[in-house]
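Worksheet: one structure, shown below.
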Amino acid sequence: MRLCVDFFRQDVLVVARSLLGKVLVRCFSDGRVERFLIVETEAYRGEEDDACHASKGRTARTEVMYHEGGVVYVYLIYGMYWMLNIVTGQKDEPQAVLIRGVKNISGPGRVGKVLHLDKSFYGESIVNSSRLWIEDTQEIEDGTVCRTERIGIEYATDEWRNKKWRFEWLLT
DNA sequence: AGACTGATTGGCT
DNA sequence: GCCAATCAGTCTT
808 MRLCVDFFRQ
818 DVLVVARSLL
828 GKVLVRCFSD
838 GRVERFLIVE
848 TEAYRGEEDD
858 ACHASKGRTA
868 RTEVMYHEGG
878 VVYVYLIYGM
888 YWMLNIVTGQ
898 KDEPQAVLIR
908 GVKNISGPGR
918 VGKVLHLDKS
928 FYGESIVNSS
938 RLWIEDTQEI
948 EDGTVCRTER
958 IGIEYATDEW
968 RNKKWRFEWL
978 LT
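Adding 807 to a residue's 1-based position in the first sequence gives its number in the working numbering.
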């Protein structure tokens, strides 16, 4: 069952936690379909969160984060890695979940690589897309979820850097 | 028009 | 633990 817009309209912290255990589905241009179990996510929440790209304001790059939840935000980092984010929340409420890891593929850069992401995914609807969507498969138990500080945001102030907005599903 | 930066990764010391 | 690879976005001149 494909996740619909009501799921992505929830607050980013709820969505980031709830995406653990869900399945990311990618249908490639040659018709091949691959499925990836989501095991690690991070939440970025609002202009006040100085680790969030939206803290720098509304620009061509961050524009899609201001849309209603349910669209894809991709961007190139370090000149070589496409980061996959899902926009969440209400319109004009810039939030997104970074998909940091799927089963057997650790690290957001490798996620983007295995999914063959590129700029053309910017703004794509994860609710309607025929090449990328998420399926509601199961609810996992809170006891199997680890929360830590977000990775790679050393530039942020303590208040935001210390928030435990990284969610990891501890398998087995 | 030019400089600097970064939600990373893999390889080497 | 350290560092290069590599480039769009953003800010400065």
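For glycine and all other residues, C-beta sits at the position ideal for the given N, C-alpha and C.
Answer yes or no: do residue i and residue j have a C-beta to C-beta separation smaller than 7 Å?
i	j	result
D856	Y873	no
I845	L827	yes
R954	K970	no
A823	F928	no
P901	A861	yes
G896	G876	yes
Taking all protein chains shown into account, do 16 or more other C-beta atoms lie within 10 angstroms of the C-beta of residue i, making it buried, or fewer, making it exposed?
i	result
E849	buried
S825	buried
C859	buried
I884	exposed
F835	exposed
M808	exposed
Could you pull the DSSP bridge partners for residue i from this structure?
i	result
F843	L831
V904	A850, I893
S879	Residue 879 is actually Val in this sequence, not Ser. DSSP lists I893 as partners of V879.
E961	Per DSSP, none; premise fails for E961.
I941	L831
Verify the contact flag: residue i, CB atom, against every heavy atom of the ligand HEM, threshold strictly below 6 Å.
i	result
T944	The ligand HEM is not part of the structure shown, which contains no ligands of any sort.
Mapping DSSP to helix, strand and coil, what is residue i?
i	result
E966	helix
S913	strand
Y873	helix
L820	helix
Tell me, to the nearest whole angstrom, how far the beta carbon of residue i is from that of residue j; I am working on the premise that it is less than 8 Å.
i	j	result
S932	V871	Going by Cβ atoms, the distance from S932 to V871 rounds to 11 Å, so no, they are not a contact pair.
L891	G919	6 Å
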